[in-house]
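Visitor:
Protein chains in written order, with the numbering used here: chain B, 20 to 325; chain G, 20 to 325.
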């Protein structure tokens with residue numbers, strides 16, 4: 020590991036987990052951290068999320084050789100501008116945001132010198148839980164998860180290699196792709212699922228004929244699976260949808276077409292079309308389990324009832 | 020417990036779990052079982068899902084004082100007709116299907132004498148996993164889950180009390196409601212979520228720009244939550260959508276309206292509308308956890324990483 024001093028800007032689920040993972044797997048690395056919320060800074064210090072919680076972002080960044088922004092996508096540009104003067108010339112700038120094209124643009128505008136040096140390399144660890152804030156992080160969050168790194172074409176290759184090594188040290192597998200392709204992939208594997216989950220939980224809350232208490236009581240019939248991701252951080256998700264608008268709308272269009280086809284099959288009573296669709300979606304879950312991206316136990320292993 | 024001999028017709032996840040739960044919690048009760056698939060009968064006998072696996076449904080039903088149909092909704096009528104001659108006059112007939120109006124009609128048509136005696140009382144334990152078949156069942160499936168009983172207006176009250184006591188003995192909480200209301204409630208808490216999950220998993224499988232391998236690798240971003248219920252039994256779900264068509268189409272219409280509103284908010288960049296929607300859906304998950312209908316641990320407790 021070539022990084023000696025890592026600054027983490029934003030000490031929620033992701034920032035906190037990176038700090039705890041550094042402590043666990045890279046104990047020789049010094050970590051500093053900052054969060055604009057004083058209560059989060061206080062809690063971060065209590066939990067020891069980073070070696071030193073700073074009172075200003077400049078102080079956190081001043082001696083860093085790697086700065087990782089762990090703030091909502093819409094806050095990246097402002098957060099980067101704040102530390103622009105303090106940031107050492109040779110430092111690598113990265114992030115953990117779920118949309119890469121918009122964040123790459125925001126960081127490049129805020130830190131033109133680092134951009135010119137190929138020293139801004141955005142990344143996205145595809146890991147998280149429905150919890151947020153300084154109490155949500157844990158060192159094992161990135162174990163066996165993928166971290167997608169989206170280097171610009173002129174990225175500094177030494178820094179790219181160091182960033183890859185860093186994420187691997189935290190337990191992640193690293194994949195490189197373009198920011199544009201990342202945004203399309205994540206639109207379908209993450210952004211559209213969240214939008215759908217937020218929608219159906221809202222729909223179920225607003226019915227007149229079925230009470231909210233009934234929805235809660237009988238949620239084990241399937242609904243509860245959607246409520247987990249619909250409990251995710253609203254600020255972050257607002258920013259994701261605004262930042263990856265084109266790809267999300269594109270995927271949503273395809274989803275709506277497919278839903279309309281199934282709706283029609285139900286309306287006309289086409290049992291064969293329904294069966295054929297339902298039978299082929301089983302295979303993808305088997306693959307997800309085979310590749311270690313989900314739990315093989317029934318009900319995600321909830322309650323460990325087997 | 021007043022039932023002495025229980026016949027279980029259909030030995031998949033639900034039938035097998037009822038058999039195992041009887042063995043565990045009602046050891047004095049004799050159980051017989053039948054499944055039309057010889058391989059399922061063989062496996063049911065090996066696992067001891069019921070006391071005696073019969074070669075014909077008539078043999079299973081002949082001495083029963085409670086017959087529970089655990090076959091897909093569309094197969095209930097035929098299964099009931101098969102045992103009509105063998106069924107003792109005083110026996111209670113029930114089931115576990117996810118649509119109650121259509122099943123009540125099918126059972127009543129097949130067993131007019133029992134219908135006349137108020138001895139057909141449909142029920143629906145809101146419990147299950149994504150697994151199916153004779154290997155999927157387990158005795159604890161109904162623990163702290165709700166069982167909805169939908170008695171017709173002229174139901175025999177002694178039999179109704181006995182059925183309630185039976186489900187409570189298996190660990191369930193019992194609620195009574197009309198079949199019509201049940202079908203509306205389940206349309207939103209179970210049927211619509213399954214339809215949405217089947218749709219999005221299909222959409223993700225069919226993209227040209229994003230490979231199936233990418234969808235699987237990066238599924239931890241949210242998509243994998245949908246794949247669990249989209250791995251459920253296709254035959255059963257085909258029947259559910261055909262049997263509860265009106266309520267499902269009604270809920271689907273509302274979902275589509277809500278999705279269109281969020282789509283518009285994304286398109287016009289209305290961050291406040293998105294934030295407001297996302298913030299209010301958190302509360303419902305907290306309630307589901309508070310009422311013991313889901314696991315409070317992050318990620319449903321998958322991998323137990325905390």
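Built from N, CA and C at the ideal position, the CB exists for glycine as well.
My understanding is that residue 39(G) touches residue 157(G), with C-beta atoms under 8 angstroms, so please give their C-beta distance in whole angstroms.
Guide: Counting from one through the second chain, the residue named residue 39(G) turns up at place 20. Counting from one through the second chain, the residue named residue 157(G) turns up at place 138. The pair is a contact, with the Cβ atoms about 6 angstroms apart (cut-off 8 angstroms).
Visitor: Are the region 188-198 of chain B and the region 161-173 of chain B in contact at 8 angstroms, needing three or more beta carbon pairs?
Guide: Result yes; three or more Cβ-Cβ pairs closer than 8 angstroms.
Visitor: Quick one: what's residue 142(B) bridged to in DSSP?
Guide: If you number the first chain from 1, residue 142(B) lands on position 123. Paired residue(s): 168(B).
Visitor: I'd like the list of long-range same chain contacts for residue 128(G), defined as Cβ closer than 7 angstroms, with 5 residues on each side in sequence excluded.
Guide: Against the second chain, residue 128(G) aligns to sequence position 109. These residues qualify, in order along the chain: 96.
Visitor: Within 10 Å of its beta-carbon, does residue 61(B) have 16 or more other beta-carbons around it, so buried, or fewer, so exposed?
Guide: For the purposes of this step, residue 61(B) is taken as residue 42 along the first chain, with counting starting at 1. The residue in question, residue 61(B), is exposed, as its Cβ has fewer than 16 Cβ neighbours within 10 Å.
Visitor: Determine which residues of the region 300-315 of chain G have a Cβ less than 7 angstroms from any Cβ of chain B, and write them out in chain order.
Guide: Going along the region 300-315 of chain G in chain order, one finds 300, 301, 303, 304, 306, 307, 310, 312, 313, 314 with a Cβ nearer than 7 angstroms to chain B.
Visitor: Checking contacts by CB at 8 angstroms: is residue 325(B) closer than that to chain G?
Guide: What you label residue 325(B) is simply residue 306 of the first chain in a count that begins at 1. Because residue 325(B) carries a pLDDT of 44, less than 50, the predicted location of this residue cannot be relied on, and the following value inherits that uncertainty. Interface residue, yes.
Visitor: Distance, Cα to Cα, residue 325(B) vs residue 50(G)?
Guide: Your numbering for residue 325(B) matches position 306 in the first chain. Your numbering for residue 50(G) matches position 31 in the second chain. In this prediction, residue 325(B) has a pLDDT of 44, which is less than 50 and means its spatial position is unreliable; what the coordinates show is noted afterwards. Each residue's alpha carbon lies about 22 angstroms from the other.
Visitor: Between which residues of its own chain and residue 155(G) is the CB-CB distance below 7 angstroms, once the five residues before and five after are set aside?
Guide: Taking the first residue of the second chain as 1, we reach residue 155(G) at position 136. Within the same chain, residue 155(G) has close Cβ partners 31, 32, 35, 148.
Visitor: Pick helix, strand or coil for residue 50(B), following the three-state DSSP scheme.
Guide: Within the first chain, residue 50(B) is the residue found at index 31, counting from 1. Looking at residue 50(B) - three-state DSSP - the assignment turns out to be strand.
Visitor: DSSP three-state label for residue 269(B), please.
Guide: If you number the first chain from 1, residue 269(B) lands on position 250. Helix at residue 269(B).
Visitor: Does residue 90(B) come within less than 8 angstroms of chain G when only Cβ atoms are used?
Guide: As a position in the first chain, residue 90(B) is number 71, starting the count at 1. Residue 90(B) does not count as touching chain G.
Visitor: Since residue 294(G) sits in a beta bridge, which residues does DSSP pair it with?
Guide: Position 275 of the second chain, counted from the start, is the residue given in the question as residue 294(G). Residue 294(G) pairs with nothing; no bridge assigned.
Visitor: Check the Cβ-Cβ distances between residue 53(G) and every residue of chain B, and say whether any is below 8 angstroms.
Guide: As a first step, residue 53(G) is located in the second chain; it is residue number 34 there, counting from the start. Not closer than 8 angstroms to any Cβ of chain B, the Cβ of residue 53(G) fails to qualify, so no.
Visitor: Is DSSP giving residue 313(G) helix, strand or coil here?
Guide: To locate residue 313(G), count along the second chain from 1; it is residue 294. Note: residue 313(G) maps to coil in three-state DSSP.
Visitor: My output table needs one value for residue 104(B): the three-state DSSP class, helix, strand or coil.
Guide: The sequence position of residue 104(B) within the first chain is 85, counting from 1. Correct three-state label for residue 104(B): coil.
Visitor: Per DSSP, residue 114(G) is paired with what?
Guide: Translated into the one-based positions of the second chain, residue 114(G) becomes position 95. In the DSSP output, where bridge partners are listed per residue, residue 114(G) has 88(G).
Visitor: For residue 214(G), go through chain A and note every residue whose CB falls closer than 7 angstroms to its CB, in chain order.
Guide: The chain inventory of the structure shown lacks chain A, comprising the protein chains B and G.
Visitor: Does the contact criterion of 3 or more C-beta pairs under 8 angstroms hold for the region 205-224 of chain B versus the region 264-273 of chain B?
Guide: Yes, since at least three Cβ pairs between the region 205-224 of chain B and the region 264-273 of chain B fall closer than 8 angstroms, the two stretches touch.
Visitor: On a CA-only basis, which of 238(B), 123(B), 104(B) is nearest residue 312(G)? Give me that one, please.
Guide: As a working mapping, residue 312(G) is identified with position 293 in the second chain. Out of 238(B), 123(B), 104(B), 238(B) has the C-alpha closest to the C-alpha of residue 312(G).
Visitor: How would you write the range of the beta strand (DSSP E) that residue 194(G) sits in, first residue to last?
Guide: In the second chain, the residue the question calls residue 194(G) occupies position 175. Element bounds for residue 194(G): 192-195.
Visitor: Can you grab the Cα-Cα spacing for the pair residue 52(G) / residue 260(B), in whole Å?
Guide: The residue labelled residue 52(G) in the question sits at position 33 within the second chain. The residue labelled residue 260(B) in the question sits at position 241 within the first chain. Whole-angstrom Cα-Cα distance: 52 angstroms.
Visitor: Just to confirm the assignment, what range does the alpha helix (DSSP H) spanning residue 223(B) have?
Guide: Residue numbering aside, residue 223(B) sits at position 204 when the first chain is read from its first letter. Start and end: 211-224.
Visitor: Using a Cβ-Cβ cut-off of 8 angstroms, state whether residue 161(B) counts as contacting chain G.
Guide: Numbered from 1 along the first chain, position 142 holds the residue referred to as residue 161(B). So, not an interface residue.
Visitor: Give a yes or no on whether the C-beta atoms belonging to residue 235(B) and residue 303(G) are separated by under 8 angstroms.
Guide: Here residue 235(B) corresponds to residue number 216 of the first chain, with the count starting at 1. Here residue 303(G) corresponds to residue number 284 of the second chain, with the count starting at 1. Taking 8 angstroms as the Cβ cut-off, residue 235(B) and residue 303(G) qualify as a contacting pair.
Visitor: According to DSSP, what are the bridge partners of residue 24(G)?
Guide: Numbered from its first residue, the second chain carries residue 24(G) at position 5. Paired residues: 49(G).
Visitor: Tell me the residue span of the alpha helix (DSSP H) that contains residue 38(G).
Guide: The count along the second chain starts at 1 and reaches residue 38(G) at position 19. Unbroken alpha helix (DSSP H) run through residue 38(G): 32-44.
Visitor: Any C-beta of chain G within less than 7 angstroms: which residues of the region 263-292 of chain B qualify?
Guide: Residues passing the 7 angstroms Cβ filter: 264, 267, 268, 271, 273, 274, 277, 278, 281, 282, 285, 286, 288, 290.
Visitor: On a Cα-Cα basis, can you pick out the residue from 22(B), 114(B), 256(B) that is closest to residue 211(B)?
Guide: One-based indexing of the first chain puts residue 211(B) at position 192. Of 22(B), 114(B), 256(B), the residue nearest in Cα terms is 256(B).
Visitor: What separation, rounded to the nearest whole angstrom, lies between the Cα atoms of residue 101(G) and residue 94(G)?
Guide: Here the question's residue 101(G) lines up with position 82 in the second chain. Here the question's residue 94(G) lines up with position 75 in the second chain. In a straight line, the C-alpha of residue 101(G) is about 11 angstroms away from that of residue 94(G).
Visitor: Which partner residues does residue 207(G) have in the DSSP bridge list?
Guide: The count along the second chain starts at 1 and reaches residue 207(G) at position 188. According to DSSP, residue 207(G) bridges with nothing at all.
Visitor: Name, please, each residue of chain B whose Cβ falls closer than 8 angstroms to the Cβ of residue 36(G).
Guide: As a first step, residue 36(G) is located in the second chain; it is residue number 17 there, counting from the start. The premise fails here: residue 36(G) is roughly 10 angstroms from chain B at the closest Cβ pair, so nothing lies under 8 angstroms.
Visitor: With distance defined between alpha-carbon atoms, name the residue in 111(G), 227(G), 228(G), 222(G) nearest to residue 170(G).
Guide: Taking the second chain and counting its residues from 1, one reaches residue 170(G) at position 151. For residue 170(G), the nearest C-alpha among the options comes from 111(G).
Visitor: Got a sec? Which residues, its chain only, sit under 7 angstroms from residue 80(G) by beta carbon, not counting five neighbours each side?
Guide: Counted from its first residue, the second chain places residue 80(G) at position 61. Around residue 80(G): 26, 86, 102, 105, 106.
Visitor: Beta carbon of residue 46(B), beta carbon of residue 258(B): below 8 angstroms?
Guide: In the first chain, the residue the question calls residue 46(B) occupies position 27. In the first chain, the residue the question calls residue 258(B) occupies position 239. Cβ distance not < 8 angstroms, so residue 46(B) and residue 258(B) don't count as in contact.
Visitor: Can you give me, in chain order, the residues of the region 233-250 of chain B that have a beta carbon less than 9 angstroms from any beta carbon in chain G?
Guide: Against chain G - using a Cβ distance shorter than 9 angstroms - the residues of the region 233-250 of chain B are 233, 234, 235, 236, 237, 238, 239, 240, 241, 242, 243, 244, 245, 246, 247, 248, 249, 250.
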